[in-house]
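Engineer: Numbering (our numbering), first residue to last: 5 to 259.
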Ligand code: GLU
């Protein structure tokens, strides 16, 4: 099966390091296992701006688009190199794919992306997709990788989209400000509004939050595919999802 895994900015950096190598190791080892089971894996990784911010020791995300572009240009190198190092130690190759949201609105460009991802997978490498932040003001102002991962998963007709974040999944209330918040383990997309989920804000490094994850779900979900939103730092999270253990939040269309 084709699996798209989206990795959020808050996971790829740590307090102590620019790139959280321990986290990338953990993910790469799991990706290797999944590939060995015969699945094709595409990663969509945020973190270019976050890594740039860390390198410049910035604690607040700048608002200035030019500054963000420059930070992403620096950060993307460190990010992709860190993935490359981890995959290399497992005998694998990472392949960088930088995309614009606009690309998906154009039939020929969409077809090219689909072909390119297929070619990389056929080569046996692991596509690592991010927004083309350094040259596009549009990506930085409007884009987000949750929706990018939904677009990629839809385009390549992936059966499973896994959105890894720093929370255990979708809660009924914002868990960062509410102790009674409960994890929702399964959501039918059509019930979303009646559940009155508090969608919360994005973290300090990226964009997103739950709102963009649901927009990705609305775009991607069809009868025969599904999305998990889960904690990327949890041990064996990818394998647990494949084994359909009750982890994170499973989002589907109504059965
Ligand atoms: N493309 C951005 C980056 O790599 C992240 C976008 C997002 O947070 O969704 O920094």
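Cβ atoms here follow ideal geometry from the backbone N, Cα and C, with glycine treated the same way.
1) Taking the continuous beta strand (DSSP E) assigned at residue 103, which residues delimit it?
2) Can you give me the C-alpha to C-alpha distance between residue 103 and residue 63, rounded to a whole angstrom?
3) Kindly provide the ranges of any alpha helix (DSSP H) runs that are 4 or more residues long and lie completely inside the region 21-64, ordered along the chain.
4) What does residue 135 pair with, by DSSP beta-bridge criteria?
5) Taking the alpha helix (DSSP H) that residue 149 falls in, what are its first and last residues?
6) Spatial neighbours of residue 50 within its chain, please: CB distance less than 6 Å, with the 5 preceding and 5 following residues excluded, ordered by chain position.
7) Return yes when the C-beta of residue 140 is under 7 Å from any heavy atom of the ligand GLU, and no when it is not.
8) Per DSSP, which residues does residue 167 bridge with? Please list them.
9) Using DSSP bridges, identify the partner residues of residue 192.
10) With DSSP run on the structure shown, which of helix, strand or coil describes residue 174?
11) Between residue 214 and residue 231, is the Cβ-Cβ spacing less than 8 Å?
12) Could you tell me which residues DSSP pairs with residue 187 in its beta bridges?
13) How many whole angstroms separate the CB atoms of residue 147 and residue 220, which I take to be in contact at a CB cut-off of 8 Å?
14) By the three-class DSSP mapping on this structure, what secondary structure does residue 201 have?
15) Considering only residues of the same chain and omitting the five flanking positions on each side of residue 122, which have a CB-CB separation below 7 Å?
16) Check whether the Cβ of residue 150 lies closer than 7 Å to any heavy atom of the ligand GLU, and answer yes or no.
17) Is it true that the CB of residue 129 sits closer than 8 Å to the CB of residue 108?
Structural biologist: Reading off the structure:
1) It spans 98-103 - the beta strand (DSSP E) in which residue 103 sits, taken as one unbroken run.
2) Distance between the alpha carbons of residue 103 and residue 63: 27 Å.
3) Runs of the alpha helix (DSSP H) inside the region 21-64: 25-40 and 52-59.
4) Answer by DSSP bridge pairing, in chain order: 103.
5) Going by DSSP, residue 149 is part of the alpha helix (DSSP H) stretching over 149-159.
6) Apart from the 5 residues on each side of it in sequence, residue 50 sits with its Cβ closer than 6 Å to the Cβ of 12, 13, 149 and 210 in its chain, given in chain order.
7) No, the ligand GLU has no heavy atom inside 7 Å of this Cβ.
8) For residue 167, which the question treats as bridged, DSSP gives the partners 10 and 233.
9) Partner(s): 256.
10) Residue state, collapsed to three classes: strand.
11) In this structure, residue 214 keeps its C-beta atom at 8 Å or more from the C-beta atom of residue 231.
12) Beta-bridge pairing by DSSP links residue 187 to 175.
13) Between residue 147 and residue 220 a beta carbon distance of about 12 Å is seen, past the 8 Å cut, so the two are scored as non-contacting.
14) Correct three-state label for residue 201: coil.
15) Result list for residue 122: empty, nothing under 7 Å.
16) Yes, the Cβ of residue 150 comes within 7 Å of a heavy atom of the ligand GLU.
17) 8 Å or more divides the Cβ of residue 108 from the Cβ of residue 129.
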